[in-house]
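A.B. asks:
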Amino acid sequence: MDVLYFAWVRERIGVPKERVETDAVTVAELVAELSAREDRYAAAFADLSALRVALDQELAEFDAPLAGVREVAFFPPMTGG
Amino acid sequence: MDVLYFAWVRERIGVPKERVETDAVTVAELVAELSAREDRYAAAFADLSALRVALDQELAEFDAPLAGVREVAFFPPMTGG
Amino acid sequence: MRIVVQDAPFDLAAETERFAQGAAGAGAIVTFTGVVREADTGTMTAMDIEHYPGMTEKALTSIAAEALSRWDLTDALVIHRFGRLHTGEQIMMVATAARHRVAAFEAAEYLMDYLKSRAPFWKKEILAEGDAAWVAAKDDDEAALTRW
Amino acid sequence: MRIVVQDAPFDLAAETERFAQGAAGAGAIVTFTGVVREADTGTMTAMDIEHYPGMTEKALTSIAAEALSRWDLTDALVIHRFGRLHTGEQIMMVATAARHRVAAFEAAEYLMDYLKSRAPFWKKEILAEGDAAWVAAKDDDEAALTRW
Numbered sequence: 001m002d003v004l005y006f007a008w009v010r011e012r013i014g015v016p017k018e019r020v021e022t023d024a025v026t027v028a029e030l031v032a033e034l035s036a037r038e039d040r041y042a043a044a045f046a047d048l049s050a051l052r053v054a055l056d057q058e059l060a061e062f063d064a065p066l067a068g069v070r071e072v073a074f075f076p077p078m079t080g081g
Numbered sequence: 001m002d003v004l005y006f007a008w009v010r011e012r013i014g015v016p017k018e019r020v021e022t023d024a025v026t027v028a029e030l031v032a033e034l035s036a037r038e039d040r041y042a043a044a045f046a047d048l049s050a051l052r053v054a055l056d057q058e059l060a061e062f063d064a065p066l067a068g069v070r071e072v073a074f075f076p077p078m079t080g081g
Numbered sequence: 001m002r003i004v005v006q007d008a009p010f011d012l013a014a015e016t017e018r019f020a021q022g023a024a025g026a027g028a029i030v031t032f033t034g035v036v037r038e039a040d041t042g043t044m045t046a047m048d049i050e051h052y053p054g055m056t057e058k059a060l061t062s063i064a065a066e067a068l069s070r071w072d073l074t075d076a077l078v079i080h081r082f083g084r085l086h087t088g089e090q091i092m093m094v095a096t097a098a099r100h101r102v103a104a105f106e107a108a109e110y111l112m113d114y115l116k117s118r119a120p121f122w123k124k125e126i127l128a129e130g131d132a133a134w135v136a137a138k139d140d141d142e143a144a145l146t147r148w
Numbered sequence: 001m002r003i004v005v006q007d008a009p010f011d012l013a014a015e016t017e018r019f020a021q022g023a024a025g026a027g028a029i030v031t032f033t034g035v036v037r038e039a040d041t042g043t044m045t046a047m048d049i050e051h052y053p054g055m056t057e058k059a060l061t062s063i064a065a066e067a068l069s070r071w072d073l074t075d076a077l078v079i080h081r082f083g084r085l086h087t088g089e090q091i092m093m094v095a096t097a098a099r100h101r102v103a104a105f106e107a108a109e110y111l112m113d114y115l116k117s118r119a120p121f122w123k124k125e126i127l128a129e130g131d132a133a134w135v136a137a138k139d140d141d142e143a144a145l146t147r148w
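Going line by line, the protein sequences match chains A, B, C and D. Residues in the first sequence are numbered consecutively from 1, following the numbering used here. Residues in the second sequence are numbered consecutively from 1, following the numbering used here. Residues in the third sequence are numbered consecutively from 1, following the numbering used here. Residues in the fourth sequence are numbered consecutively from 1, following the numbering used here.
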């Protein structure tokens with residue numbers, strides 16, 4: 001699946017987008033898998049309460065299932081307007 | 001003093017403005033004096049709850065004193081905007 | 001603060017632009033525009049707006065000054081027309097500018113609520129059949145004032 | 001309903017005029033315009049607005065559709081820019097048209113509240129010293145959603 005990062009999450013991880021092959025069942029499992037991979041992920045995902053996640057461009061919860069999802073995005077709380 | 005009428009009060013009384021010589025101490029006394037004068041005034045002032053009064057261009061109550069007032073205006077509740 | 005009472009139409013685009021350009025330091029600008037719409041019964045052809053020259057300007061100035069003192073506004077504008085207006089014509093506008101959006105919204109609603117019930121304007125609907133009817137004040141409009 | 005997401009400036013006067021002309025049957029038109037203002041500390045020179053292409057348009061469309069279904073609106077407009085903006089530039093606008101003023105005001109505030117916290121935009125303040133800081137979401141903005 002495609003994993004996208006925005007704002008300081010993008011800056012901390014160092015790329016705006018990457019292709020990730022995973023067997024993670026939920027978002028939380030994907031986060032754990034990425035965090036275990038490298039420090040920059042662990043740093044970005046250290047406080048999930050400061051993060052939001054979208055699945056196929058719809059806001060979702062961290063316990064949401066990834067089945068059928070093509071695009072996951074992580075970002076801080078939004079500040080539009 | 002000058003007495004002004006607006007909207008349906010003006011239509012019912014038949015003039016937009018007139019000069020009134022009066023010894024009325026309050027607005028209510030002036031209303032009673034005018035109502036006693038002719039039917040068209042009595043008709044216009046029949047229901048004071050449907051009327052508003054301004055003294056020298058400031059909204060006032062019907063028991064307000066007329067001392068020093070140069071301009072009295074009677075009109076229905078306002079419908080601006 | 002600018003208060004305009006006139007029978008001529010106003011240019012909504014130009015007034016909005018002018019207000020926005022003058023709103024230095026503001027982060028939020030709210031405008032409200034009132035338009036003569038078809039009556040709910042659908043037979044209205046025009047609206048006559050009567051007002052109380054002199055008191056109108058005083059009342060609008062006092063309402064706008066109160067808004068400026070209650071909220072942290074950088075500016076406020078009120079334009080209100082009188083005379084005969086036809087369906088689709090713009091009757092009036094208010095604009096508020098503030099650092100933050102909540103103040104701009106609240107102050108604009110305050111201006112509208114007071115302008116509806118405390119500025120000396122009276123509307124008469126001119127109906128297609130040649131009849132005419134004064135618009136009655138709404139209890140809702142009077143009740144809206146208790147919010148502030 | 002019209003949703004625009006672009007990096008180019010928009011013409012507030014022209015957009016307001018166009019929206020008002022298209023608002024047939026509306027008696028009330030509300031606009032909100034957001035402007036890049038000086039930071040409270042006063043050292044900001046510009047603002048970078050990042051967004052999530054694709055999701056942004058979807059989120060704004062969904063927020064506007066919800067507003068149209070909750071209130072008796074005749075139309076709604078959302079324009080939001082992204083990219084680098086300087087102090088005094090207009091970031092975004094919303095407009096609502098309705099038969100009655102309360103619906104137009106409430107729907108505009110609803111659009112703003114949701115757009116602040118549920119549309120994927122992120123602001124970064126570019127400071128005079130060459131530093132930059134992401135704008136943190138405000139608890140107040142999240143709390144504002146509970147009103148609806």
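Each residue gets a CB set at the ideal place from its N, CA and C atoms; glycine is no exception. Quick caveat: nothing in here was measured; it's all calculated off a predicted structure.
#1: Please indicate yes or no: does the CB of R70/A lie closer than 7 Å to some heavy atom of the ligand HEM?
#2: How many angstroms separate the CA atom of A67/C from the CA atom of A26/C?
#3: Quick one: give me the first and last residue of the alpha helix (DSSP H) that R118/C is part of.
#4: May I have the straight-line CA-CA distance separating E84/A from E106/C, to the nearest angstrom?
#5: Which word fits K116/D, buried or exposed, when buried means at least 16 other C-beta atoms lie within 10 angstroms of its C-beta?
#6: Exposed or buried, K123/D, counting other C-beta atoms within 10 Å across all chains shown (16 or more means buried)?
#7: Have a look at the DSSP bridge pairing and note the partners of E58/A.
#8: Consider the Cβ of R70/C: report whether some Cβ of chain D lies at a distance smaller than 8 Å.
#9: Contact between the segment 14 to 32 of chain C and the segment 40 to 54 of chain B is defined here as three or more beta-carbon pairs at a separation below 8 Å; is this criterion met?
#10: Are the beta-carbon atoms of R52/B and P76/B separated by less than 8 Å?
#11: Using Cβ-Cβ distances below 8 Å, what residues of the segment 25 to 59 of chain D are close to chain C?
#12: So G81/B contacts chain C; which residues on that side make the cut at Cβ distance below 7 Å?
#13: Measuring only the C-alpha atoms, how far is V36/D from L85/D?
#14: At a CB-CB cut-off below 9 Å, which residues of chain C make contact with F6/B?
#15: With a 10 Å radius around its C-beta and 16 neighbouring C-beta atoms as the bar for buried, classify L145/D as buried or exposed.
#16: What three-state label does DSSP hand Y41/A in the structure shown?
#17: Check whether the segment 87 to 95 of chain D touches the segment 130 to 142 of chain D, taking contact to mean three or more Cβ pairs, one atom from each stretch, closer than 8 Å.
#18: Mind listing, in chain order, the continuous beta strand (DSSP E) runs of no fewer than 3 residues lying wholly within the segment 48 to 93 of chain C?
#19: Buried or exposed for D75/C, going by 16 or more other Cβ atoms inside 10 Å?
#20: Does chain D have any CB closer than 8 Å to the CB of F45/A?
#21: So which residues of chain A does V4/D contact, with C-beta pairs closer than 9 Å?
#22: Spell out the partners DSSP gives L127/D in its beta bridges.
#23: How many angstroms separate the CA atom of V9/A from the CA atom of A73/A?
#24: Anyone know if the C-beta pair for A13/C and T33/D falls short of 8 Å?
#25: Does the Cβ-Cβ distance between A95/C and F19/C come in under 8 Å?
#26: How far does the beta strand (DSSP E) with T31/D in it extend, from its first residue to its last?
#27: Thinking C-alpha only, which one of A46/C, A98/C, V4/C and T45/C is nearest S69/C?
#28: Which whole-angstrom value is the C-beta distance of R118/C and I63/C, which I expect to be below 8 Å?
#29: Less than 8 Å between the C-beta atoms of V69/A and L59/A, yes or no?
#30: Under the three-state reduction of DSSP, which class applies to F74/B: helix, strand or coil?
#31: Strictly by DSSP, which residues pair up with W122/D?
#32: Would G22/D pass as a contact of I49/D if the rule is Cβ separation under 8 Å?
C.D. replies: Reading from the atomic positions:
#1: Absent from the structure shown: the ligand HEM. Ligands present: none.
#2: On the third sequence, residue 67/C is found 67 positions in, with the first residue counted as 1. On the third sequence, residue 26/C is found 26 positions in, with the first residue counted as 1. If I take the Cα positions, the gap works out to 16 Å.
#3: Translated into positions along the third sequence, residue 118/C becomes position 118. R118/C -> alpha helix (DSSP H) spans R101 to R118.
#4: Outside the displayed span of chain A (1 to 81) sits residue 84/A, for which this structure offers no information.
#5: Within the fourth sequence, residue 116/D is the residue found at index 116, counting from 1. Buried, by the Cβ-count rule.
#6: Within the fourth sequence, residue 123/D is the residue found at index 123, counting from 1. The residue in question, K123/D, is buried, as its Cβ has 16 or more Cβ neighbours within 10 Å.
#7: Taking the first residue of the first sequence as 1, we reach residue 58/A at position 58. Answer by DSSP bridge pairing, in chain order: L55/A.
#8: Walking along the third sequence from the start, residue 70/C turns up at place 70. No, R70/C lies away from the interface with chain D (no Cβ there is under 8 Å from its Cβ).
#9: no
#10: Position 52 of the second sequence holds residue 52/B. Position 76 of the second sequence holds residue 76/B. In contact: R52/B and P76/B (Cβ atoms closer than 8 Å).
#11: G25, A26, G27, A28, I29, V30, T31, F32, T33, G34, V35, V36, R37 and E38
#12: Along the second sequence, one-based indexing puts residue 81/B at 81. Here the neighbours are G34, M92, M112, L115 and K116.
#13: Residue numbering aside, residue 36/D sits at position 36 when the fourth sequence is read from its first letter. Residue numbering aside, residue 85/D sits at position 85 when the fourth sequence is read from its first letter. Looking at the two C-alpha atoms, the distance is approximately 7 Å.
#14: Working through the second sequence from its first residue, we reach residue 6/B at position 6. Near F6/B (Cβ distances below 9 Å), the residues of chain C are E50, H51, Y52, P120 and W122.
#15: Translated into the one-based positions of the fourth sequence, residue 145/D becomes position 145. Exposed.
#16: Counting from 1 along the first sequence, the entry for residue 41/A is found at position 41. In this structure, Y41/A counts as helix in the three-state DSSP scheme.
#17: The segment 87 to 95 of chain D, when compared against the segment 130 to 142 of chain D, does not touch it at the 8 Å Cβ threshold.
#18: Fully contained in the segment 48 to 93 of chain C are the following beta strand (DSSP E) runs of length 3 or more, in chain order: 73 to 81 and 83 to 86.
#19: Counting from 1 along the third sequence, the entry for residue 75/C is found at position 75. Buried.
#20: By 1-based counting over the first sequence, the position of residue 45/A is 45. Not an interface residue.
#21: Residue mapping note: residue 4/D aligns to position 4 of the fourth sequence, counting from 1. Under the 9 Å cutoff, chain A gives no residues; its nearest Cβ is about 14 Å from V4/D.
#22: For the purposes of this step, residue 127/D is taken as residue 127 along the fourth sequence, with counting starting at 1. Answer by DSSP bridge pairing, in chain order: M44/D.
#23: Your numbering for residue 9/A matches position 9 in the first sequence. Your numbering for residue 73/A matches position 73 in the first sequence. Approximately 10 Å, taken between the alpha carbons.
#24: Indexing the third sequence from 1 puts residue 13/C at position 13. Indexing the fourth sequence from 1 puts residue 33/D at position 33. The answer is no: Cβ separation not under 8 Å.
#25: Indexing the third sequence from 1 puts residue 95/C at position 95. Indexing the third sequence from 1 puts residue 19/C at position 19. Yes; because the gap between Cβ atoms is below 8 Å, this pair is in contact.
#26: On the fourth sequence, position 31 is the one that residue 31/D refers to. It spans A28 to V35 - the beta strand (DSSP E) in which T31/D sits, taken as one unbroken run.
#27: Numbered from 1 along the third sequence, position 69 holds the residue referred to as residue 69/C. The candidate whose alpha carbon is nearest that of S69/C is A98/C.
#28: For the purposes of this step, residue 118/C is taken as the residue at position 118 of the third sequence. For the purposes of this step, residue 63/C is taken as the residue at position 63 of the third sequence. Correct: roughly 7 Å between the Cβ atoms.
#29: The residue labelled residue 69/A in the question sits at position 69 within the first sequence. The residue labelled residue 59/A in the question sits at position 59 within the first sequence. No; because the gap between Cβ atoms is not below 8 Å, this pair is not in contact.
#30: Here residue 74/B is taken as the residue at index 74 of the second sequence, counted from 1. In the structure shown, the three-state DSSP call for F74/B is strand.
#31: Sequence index remark: in the fourth sequence, residue 122/D carries index 122 (1-based). Paired residue(s): E50/D.
#32: Numbered from its first residue, the fourth sequence carries residue 22/D at position 22. Numbered from its first residue, the fourth sequence carries residue 49/D at position 49. Result no, Cβ atoms of G22/D and I49/D do not sit closer than 8 Å.
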